[in-house]
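**Q**
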Amino acid sequence: MRLLTAYAQALDPGGRPPLIIGGGRGWLSGDVFEAVRRLNLADAVRFIGYVPVEELPLWYNSAELFVFPSLYEGFGLPVLEAMACGTPVVTSDRSSLPRGHGDVALRVDPRSVDDLTNALRRANADEAWRRAAAQAGIERAATFSWERTARQTVGAYHKGFR
Numbered sequence: 004m005r006l007l008t009a010y011a012q013a014l015d016p017g018g019r020p021p022l023i024i025g026g027g028r029g030w031l032s033g034d035v036f037e038a039v040r041r042l043n044l045a046d047a048v049r050f051i052g053y054v055p056v057e058e059l060p061l062w063y064n065s066a067e068l069f070v071f072p073s074l075y076e077g078f079g080l081p082v083l084e085a086m087a088c089g090t091p092v093v094t095s096d097r098s099s100l101p102r103g104h105g106d107v108a109l110r111v112d113p114r115s116v117d118d119l120t121n122a123l124r125r126a127n128a129d130e131a132w133r134r135a136a137a138q139a140g141i142e143r144a145a146t147f148s149w150e151r152t153a154r155q156t157v158g159a160y161h162k163g164f165r
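This is how it looks when you write it as structure tokens:
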């Protein structure tokens, strides 16, 4: 609900890019739909449901901004995927997200509507930041690979068995 409130506060109705929300319906879906109605966002918010993994790059590449204000993540793969596609990111300053994604993303307190509102305003207004964040995200994502992860995992097991 905080993201929806921030989105409603941050951008002028006539100049606001659509907010695309992906993912299956969960235990708070009814509250989310009600918030969209209450905030008069029905024309601006689009729910696309579950997105198959092979379609994710299409959505990331077509986005002007990826917003991921998660309260807890083990790693935050969606943030890295968006960065790899050159999409600027606003994400949480909680959990593993700041460590995993460095200073590339614009970080916010996910519990603060004001933080989210200010980040959305900046991202919408600051084209230079969006360009720089897109390039930095591509470079940051390039430092990650499944091969490297596998090598580090095997190394950790070897170290643990010594």
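Under our numbering, residues 4 to 165 are what the sequence shown spells out, in order. Idealized CB from N, CA, C, for every residue including glycine. It should be emphasised that the depicted structure is a prediction, and the values quoted were computed from it without experimental measurement.
(1) Does the region 77-95 come close enough to the region 108-123 to have 3 or more Cβ pairs within less than 8 angstroms?
(2) What separation, rounded to the nearest whole angstrom, lies between the Cα atoms of residue 89 and residue 140?
(3) Could you give the distance in angstroms between the alpha-carbon of residue 39 and the alpha-carbon of residue 108?
(4) From residue 99 to residue 77, what does the alpha carbon distance come to, in whole angstroms?
(5) Taking Cβ to Cβ, would you say residue 112 is nearer than 7 angstroms to residue 106?
(6) Among 138, 56, 115, which residue has its Cα nearest to the Cα of residue 86?
(7) For residue 81, I'd like the list of residues in its chain whose CB is within less than 7 angstroms of its CB, leaving aside the five on either flank, ordered along the chain.
(8) Over the uninterrupted alpha helix (DSSP H) stretch that includes residue 164, give me the two end residues.
(9) Can you grab the Cα-Cα spacing for the pair residue 58 / residue 65, in whole Å?
(10) Could you tell me the alpha carbon to alpha carbon distance between residue 151 and residue 43, rounded to whole angstroms?
**A** Let's see:
(1) Judged by pairs of C-beta atoms under 8 angstroms, the region 77-95 touches the region 108-123, as three or more such pairs exist.
(2) 6 angstroms
(3) 26 angstroms
(4) Answer to the nearest angstrom: the Cα atoms are 6 angstroms apart.
(5) no
(6) If we check each option's Cα against that of residue 86, 138 comes out closest.
(7) 71
(8) 149-164
(9) 11 angstroms
(10) Going by the C-alpha atoms only, they are around 46 angstroms apart.
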